[in-house]
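Down below is the structure, laid out as structure tokens.
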Ligand SMILES: [Zn+2]
């Protein structure tokens with residue numbers, strides 16, 4: 080994918096922690112940002128033949144978005160899977176109550192539908208978890224692995240099959256066999272939720288040994304509860320350094336209900352071990368804290384403690400239109416907006432969580448908006464980061480390795496005002 084060459088005229092560059100640039104011209108070639116020059120100074124006649132010129136006066140350029148945590152196997156099943164209690168247990172029970180054809184009959188169509196939405200939003204890399212276990216076996220894993228190739232022009236798809244439950248004991252033998260088979264298929268890593276096993280510590284031990292031996296990344300659903308006694312995170316932080324593979328933990332909601340000293344200690348341990356955390360506001364705000372009317376629980380992890388300790392925290396979308404989350408627009412800018420409100424992040428932090436940090440969680444390099452960086456870019460009709468996150472503009476142009484993967488343009492026509500705007504108000508007579 081090195082064919083397209085672009086000159087983007089008059090854009091402004093937005094990078095977390097830096098002021099917006101003045102308007103610049105951006106040259107993309109060979110999958111990279113080839114040059115950044117003041118607006119109007121890039122001479123098209125000096126560029127390689129075939130360079131396409133796009134005038135985008137004032138539009139905003141950021142790193143492309145990334146989705147570090149999806150469940151494509153469950154997405155868009157809200158019409159057929161009912162969550163009677165509205166919480167995590169209800170979602171799992173609803174999911175388990177339907178048969179395999181209901182769950183997976185149209186997996187490809189649903190997965191591609193979500194991938195298309197994410198790509199249009201500006202996502203160029205996406206990790207999906209996928210269930211294994213007695214009912215689906217490895218069929219959904221195989222399907223998504225095949226899809227990985229087909230959707231590569233839009234997104235780099237990572238497929239992480241989850242350990243089924245239980246993991247431990249004689250009853251866990253089929254789970255362990257399936258995971259061994261999954262590794263033979265060339266998966267991108269492994270997931271699971273060992274804290275839900277009857278013996279969480281032993282289950283974690285099996286999971287860690289598996290990824291260490293197989294040398295594949297690990298991405299665990301962890302402590303997705305507000306019960307403070309349910310807390311496997313500290314043990315994961317302790318053991319991560321011995322593994323020699325990238326480790327990510329998701330949700331870790333119960334970190335938020337630990338005492339301050341413990342939150343800080345664990346956050347520092349995660350930072351030192353290089354464990355990345357994915358916070359998932361859509362699903363956690365939906366599922367968590369339903370039994371607690373007062374004070375109202377937010378259900379997110381301790382995002383600010385983690386950031387203060389230097390942990391790489393990414394923002395993810397998790398579920399899209401299923402029993403775990405009825406809504407979601409499959410747009411990381413929605414995640415960013417929620418993180419401003421629900422995790423009290425500032426705008427730059429929220430943008431970083433869905434761009435640089437989300438890419439880091441996927442093992443992708445950051446996109447620094449300078450010559451030599453990968454041309455994975457989101458270009459939007461916004462003039463500031465505040466507008467980008469608050470309005471999530473429809474008008475977007477997305478580049479993956481220098482190629483346009485999505486272009487969305489909207490046209491709105493409003494009725495005219497009662498009278499043309501006056502020069503001053505109240506108008507002088
Ligand atoms: Zn999840």
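In the working numbering, the protein residues as written are 80 to 508. Where is the CB? At the ideal position from N, CA and C, for every residue including glycine.
Stretch pair the stretch 385-394 + the stretch 363-374: three plus CB contacts closer than 8 Å: no
Stretch-stretch touch, CB-based, cutoff 8 Å, three pairs: the stretch 347-358 with the stretch 313-331: yes
Contact under 9 Å by Cβ, residue 142 with residue 458: Counting from 1 along the chain shown, the entry for residue 142 is found at position 63. Counting from 1 along the chain shown, the entry for residue 458 is found at position 379. No, Cβ-Cβ distance for residue 142 and residue 458 is not below 9 Å.
Simplified DSSP state of residue 407, which is helix, strand or coil: Your numbering for residue 407 matches position 328 in the chain shown. Looking at residue 407 - three-state DSSP - the assignment turns out to be coil, as it is neither helix nor strand.
Any non-hydrogen atom of ligand 1 within 8 Å of residue 398 CB: Your numbering for residue 398 matches position 319 in the chain shown. Within the cutoff, so yes.
Residue 299 Cβ short of 8 Å to ligand 1 heavy atom set: By 1-based counting over the chain shown, the position of residue 299 is 220. Result no, Cβ not under 8 Å from ligand 1.
Near ligand 1: residue 33 beta-carbon under 8 Å from a heavy atom: Outside the displayed range of the chain (80 to 508) lies residue 33, so it cannot be described from this structure.
Of the listed residues 345, 353 and 400, nearest to residue 384 (C-alpha basis): Looking up residue 384 in the chain shown gives position 305. Nearest of 345, 353 and 400 to residue 384, Cα basis: 345.
Residue 149 versus residue 239: straight-line alpha-carbon distance, rounded: The count along the chain shown starts at 1 and reaches residue 149 at position 70. The count along the chain shown starts at 1 and reaches residue 239 at position 160. Cα to Cα, residue 149 sits roughly 10 Å from residue 239.
Closer than 8 Å: residue 362 CB and nearest ligand 1 heavy atom: By one-based count along the chain shown, residue 362 stands at place 283. For ligand 1, at least one heavy atom lies less than 8 Å from the Cβ of residue 362.
Any non-hydrogen atom of ligand 1 within 8 Å of residue 359 CB: Taking the first residue of the chain shown as position 1, residue 359 is located at position 280. Result yes, Cβ under 8 Å from ligand 1.
Segment limits, beta strand (DSSP E) that includes residue 394: Counting from 1 along the chain shown, the entry for residue 394 is found at position 315. Here the beta strand (DSSP E) through residue 394 covers 392-394.
Under the three-state DSSP convention, the category residue 192 falls into: The residue you call residue 192 lines up with position 113 of the chain shown. In this structure, DSSP gives residue 192 a helical state, which the three-state scheme calls helix.
Residue 251 - DSSP class collapsed to helix/strand/coil: Locating residue 251 in the chain shown gives position 172, where the first residue counts as 1. Helix, per DSSP.
Which residues DSSP lists as bridging residue 108, in chain order: Your numbering for residue 108 matches position 29 in the chain shown. 111.
Cβ separation of residue 213 and residue 253, assumed to be a contact under 8 Å, to the nearest whole Å: To locate residue 213, count along the chain shown from 1; it is residue 134. To locate residue 253, count along the chain shown from 1; it is residue 174. With 8 Å as the limit, residue 213 and residue 253 qualify as a contact, their Cβ atoms being about 7 Å apart.
7 Å Cβ shell around residue 113 - same chain, five flanking residues per side excluded: For the purposes of this step, residue 113 is taken as residue 34 along the chain shown, with counting starting at 1. The residues are 106, 107 and 450.
Exposed unless 16 or more other CB atoms sit within 10 angstroms - verdict on residue 266: As a working mapping, residue 266 is identified with position 187 in the chain shown. Classification for residue 266: buried.
Per-residue burial, residue 460 [other beta carbons within 10 Å of its own, 16 or more giving buried]: Along the chain shown, one-based indexing puts residue 460 at 381. Buried is the call here.
Boundaries (first-last residue) of the beta strand (DSSP E) holding residue 430: Within the chain shown, numbered from 1, the residue matching residue 430 stands at position 351. Taken as a continuous stretch (DSSP letters only), residue 430 belongs to no beta strand (DSSP E), being part of the alpha helix (DSSP H) at 426-433.
Residue 329 Cβ short of 8 Å to ligand 2 heavy atom set: Because ligand 2 does not appear in the structure shown, any question about it cannot be addressed here, the ligands present being ligand 1.
Simplified DSSP assignment, three categories, for residue 173: Start at 1 with the first residue of the chain shown, and residue 173 comes out as number 94. Three-state DSSP puts residue 173 in a helix.
Spatial neighbours of residue 170 in its chain, beta-carbon cut-off 7 Å, leaving aside the 5 residues before and after: The residue labelled residue 170 in the question sits at position 91 within the chain shown. Excluding sequence neighbours, residue 170 sits near 162, 366, 402 and 403.
Distance between residue 463 and residue 90 (C-alpha atoms, nearest Å): Against the chain shown, residue 90 aligns to sequence position 11. Against the chain shown, residue 463 aligns to sequence position 384. If I take the Cα positions, the gap works out to 11 Å.
Residues bridged to residue 138 [DSSP beta-bridge criterion]: For the purposes of this step, residue 138 is taken as the residue at position 59 of the chain shown. Partner(s): none; residue 138 has no beta bridge.
Sheet register partners of residue 371 (DSSP bridge): In the chain shown, counting from the first residue as 1, residue 371 sits at position 292. In the DSSP output, where bridge partners are listed per residue, residue 371 has none listed.
Close Cβ partners of residue 510 (< 7 Å) along its chain, the five nearest in sequence each way excluded: Examination of residue 510 is not possible in this model, given that the chain is present from 80 through 508 alone.
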